[in-house]
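First residue of the sequence shown? That's 86 in my numbering, and the numbers climb one at a time after it.
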Amino acid sequence: MPELSKRTKSFTDSVIRRMTRVSLKYGAVNLSQGFPDFEPPKEILDRLAEVTKEDFHQYSITWGAQNFREALAVKQSRLMDRKIDPNSEIVVTCGSTEAMMAAMMTVTNPGDKVIVFSPFYENYGADAILSGAEPIYVPLIPPEYNFDPEVLEDAFRQHPKALILCNPSNPCGKVFTRDELMLIADLAKKYDAFVITDEVYEHIVYEPNEHVYFASLPGMWERTISCSSLSKTYSITGWRLGYIIAPADVVDTAKKVHDFLTVGAAAPLQEAAVTGLKFKDDYYRDLLKKYTEKRDLFLKGLDDIGLRHTVPQGAYYVLLDISEFGYDSDLEFCEALAQKVGVGAVPGSSFFREPVNNLIRLHFAKKNETLYEALNRLDGIRRVM
Ligand code: GLN
């Protein structure tokens, strides 16, 4: 038989999604793959029920249903401080996963370099491989997860085509300050690179931190490809609704990439989600309040058990230090954690370029009762691990 493609040989399955399967196998409380176990907003679900009886069962326009793009343009124009054209500056995709892939394919040629901060969300590695680009990793240095501007400039000296910016960051919870973003912006301009953002946690930024949209910085609209999704903001990760917002010439190409990759996002789901895109400010305030409570509850629980952890400024992940347990492999630790303690986690090594094996990632996008159950189980960790 002929060999399978070389390009797919160099990556494994997603460890994040594998850990969900491991959690299911052991009946563990799944704090690995980041998705909520609480209901999406009722208004969106009510609209979904209606939509099934209406005429939304065939393809929508390939780059997104007109009313979805219009509602999204209104929402994001306000946030990004710029009038976004729903027709020429938006592509609706199947989750931000497709948005990021399409963005990479839109700007890179095989052999091009892209800067990726480490730790990073594991899809970026695969995105680079699939589009033939070569990542240059720039470390975010714990405990603050700041970057060294000199190291970043060294990376830019290799003339990358783009920098990938996950802000707020998955997994370390960093929210980039305006000054840090300005520094990146200056380098992007100086070395003439694009910036591809992943801003799916844009509405989960804890006070006093603030989310600054990279595209809204002076002179950055032209070179930014903003990717985001509705998954986290409206608790609908399974709906796979994401988007790219970028200048018309970039979107023009991204539309074609998207069209040939997937044709389009699910029409009935786009229609139902329009309800969410039209929510007023109080929805986003309440969402943040809910996640702030969950963060405080979960971090206090970890403190009470005496487990060392990061304090996220944004998103809903914590990195837990497992050095005290003396495991050589964080993957083995996570398997044992799911089996013996009954809590699912993601090994930190799947996010770091550097040889890190003393961290695991947990998320707290869960009902309070689920978080309490996980904390109860973790309370016994030193007896069994
Ligand atoms: N972004 C989430 C995580 O990091 C979910 C990833 C996924 O499986 N799409 O866990």
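For each residue, glycine too, the CB sits at the ideal point set by N, CA and C. Please read these numbers as outputs of a predicted model, since none were measured by experiment.
- Query: Using 8 Å as the threshold, is the region 414–433 in touch with the region 260–277, meaning 3 or more CB pairs across them?
  - Reply: no
- Span of the beta strand (DSSP E) around residue 301: Along the sequence shown, read from residue 1 onward, the residue named residue 301 stands at position 216. Per DSSP, residue 301 belongs to no beta strand (DSSP E) and is neither H nor E.
- Backbone secondary structure at residue 406 - three-state DSSP: Within the sequence shown, residue 406 is the residue found at index 321, counting from 1. It is a strand residue.
- Task: Mind listing, in chain order, the continuous beta strand (DSSP E) runs of no fewer than 3 residues lying wholly within the region 121–191?
- Result: 175–179
- Tell me the DSSP bridge mates of residue 394? Taking the first residue of the sequence shown as 1, we reach residue 394 at position 309. The partner list for residue 394 (beta bridge, DSSP) reads 405.
- Could you say if the region 391–406 and the region 250–258 meet the contact criterion of at least three C-beta pairs nearer than 8 Å? yes
- Item | Beta-carbon separation (whole angstroms), residue 75 vs residue 205, contact threshold 8 Å | The chain is shown from 86 up to 470; residue 75 falls before or after that span and cannot be answered.
- Between the CA atoms of residue 295 and residue 102 - distance to the nearest angstrom: Taking the sequence shown and counting its residues from 1, the one referred to as residue 102 is at position 17. Taking the sequence shown and counting its residues from 1, the one referred to as residue 295 is at position 210. Cα to Cα, the separation comes out at about 30 Å.
- Item | Rounded C-alpha distance that separates residue 319 from residue 288 | What you label residue 319 is simply residue 234 of the sequence shown in a count that begins at 1. What you label residue 288 is simply residue 203 of the sequence shown in a count that begins at 1. Their backbone Cα atoms lie some 10 Å apart in a straight line.
- Query: Just to confirm, does residue 182 get its C-beta within under 7 Å of one of the non-hydrogen atoms of the ligand GLN?
  - Reply: For the purposes of this step, residue 182 is identified with residue 97 of the sequence shown, where counting begins at 1. True, at least one ligand heavy atom lies under 7 Å from that Cβ.
- Message: Contact between the region 174–187 and the region 379–391 is defined here as three or more beta-carbon pairs at a separation below 8 Å; is this criterion met?
- Response: no
- Query: What is the C-beta distance between residue 185 and residue 215, in whole angstroms, given that I count them as a contact (C-beta under 8 Å)?
  - Reply: Locating residue 185 in the sequence shown gives position 100, where the first residue counts as 1. Locating residue 215 in the sequence shown gives position 130, where the first residue counts as 1. The pair is not a contact, with the Cβ atoms about 11 Å apart (cut-off 8 Å).
- Task: Taking the CB atoms as reference points, tell me whether residue 361 and residue 104 lie closer together than 8 Å.
- Result: Walking along the sequence shown from the start, residue 361 turns up at place 276. Walking along the sequence shown from the start, residue 104 turns up at place 19. No, the pair does not count as a contact, with Cβ atoms beyond the cut-off.
- Who does residue 312 pair with in a DSSP beta bridge? Residue mapping note: residue 312 aligns to position 227 of the sequence shown, counting from 1. In the DSSP output, where bridge partners are listed per residue, residue 312 has 283, 329.
- Any chance the region 372–390 sits against the region 218–229, with 3 or more Cβ pairs inside 8 Å? no
- Task: Provide the residue(s) that pair with residue 222 in DSSP beta bridges, ordered along the chain.
- Result: Mapped onto the sequence shown, residue 222 falls at position 137. Its beta-bridge partners are 201.
- Item | Element boundaries [alpha helix (DSSP H), containing residue 462] | Translated into positions along the sequence shown, residue 462 becomes position 377. 453–463 is the span of the alpha helix (DSSP H), which, as asked, contains residue 462.
- On the premise that residue 353 lies in contact with residue 137, defined as a C-beta separation below 8 Å, what is that separation, rounded to the nearest angstrom? Stepping through the sequence shown from its first residue, residue 137 is reached at position 52. Stepping through the sequence shown from its first residue, residue 353 is reached at position 268. Contact flag correct, Cβ pair sits at about 7 Å.
- Item | Local Cβ density within 10 Å of residue 95, reported as buried at 16 or more and exposed below that | For the purposes of this step, residue 95 is taken as residue 10 along the sequence shown, with counting starting at 1. Under this definition residue 95 is an exposed residue.
- Do residue 206 and the ligand GLN come close, with the Cβ less than 7 Å from some heavy atom? Counted from its first residue, the sequence shown places residue 206 at position 121. The answer is yes for residue 206.
- Message: Closer than 7 Å to a non-hydrogen atom of the ligand GLN - does that hold for the CB of residue 106?
- Response: Numbered from its first residue, the sequence shown carries residue 106 at position 21. No, the ligand GLN has no heavy atom inside 7 Å of this Cβ.
- Can you tell me the Cα-Cα spacing of residue 260 and residue 290, whole angstroms? Counting from 1 along the sequence shown, the entry for residue 260 is found at position 175. Counting from 1 along the sequence shown, the entry for residue 290 is found at position 205. Using only the alpha carbons, I get a separation of about 7 Å.
- Query: What residue range is occupied by the uninterrupted alpha helix (DSSP H) comprising residue 247?
  - Reply: The residue given as residue 247 occupies position 162 in the sequence shown. Element bounds for residue 247: not the alpha helix (DSSP H) but the beta strand (DSSP E), 247–251.
- Whole-angstrom C-beta distance between residue 436 and residue 207, which should lie under 8 Å: Within the sequence shown, numbered from 1, the residue matching residue 207 stands at position 122. Within the sequence shown, numbered from 1, the residue matching residue 436 stands at position 351. Confirmed, Cβ separation roughly 6 Å.
- Item | N-terminal and C-terminal residue of the beta strand (DSSP E) that residue 116 is part of | Start at 1 with the first residue of the sequence shown, and residue 116 comes out as number 31. Premise fails: residue 116 is in no beta strand (DSSP E) and is neither H nor E.
- Between which two residues does the beta strand (DSSP E) carrying residue 445 extend? Your numbering for residue 445 matches position 360 in the sequence shown. Counting along the chain, the beta strand (DSSP E) containing residue 445 begins and ends at 444–448.
- Query: Would DSSP call residue 208 helix, strand or coil?
  - Reply: On the sequence shown, residue 208 is found 123 positions in, with the first residue counted as 1. DSSP places residue 208 in helix when its eight states are reduced to three.
- Message: I want to check one thing, is the minimum distance from the CB of residue 118 to the heavy atoms of the ligand GLN below 7 Å?
- Response: Walking along the sequence shown from the start, residue 118 turns up at place 33. Checking the Cβ of residue 118 against the ligand GLN gives yes.
- Query: Counting Cβ pairs, one atom from each stretch, are 3 or more of them under 8 Å apart for the region 325–333 and the region 306–315?
  - Reply: yes
- Neighbour-count burial assignment, residue 193, 16 or more Cβ in a 10 Å radius: Mapped onto the sequence shown, residue 193 falls at position 108. The residue in question, residue 193, is buried, as its Cβ has 16 or more Cβ neighbours within 10 Å.
- Reduced DSSP secondary structure (H/G/I, E/B, other) of residue 433: For this step, residue 433 is matched to residue 348 along the sequence shown. In the structure shown, residue 433 sits in a helix (DSSP, three-state: H, G or I).
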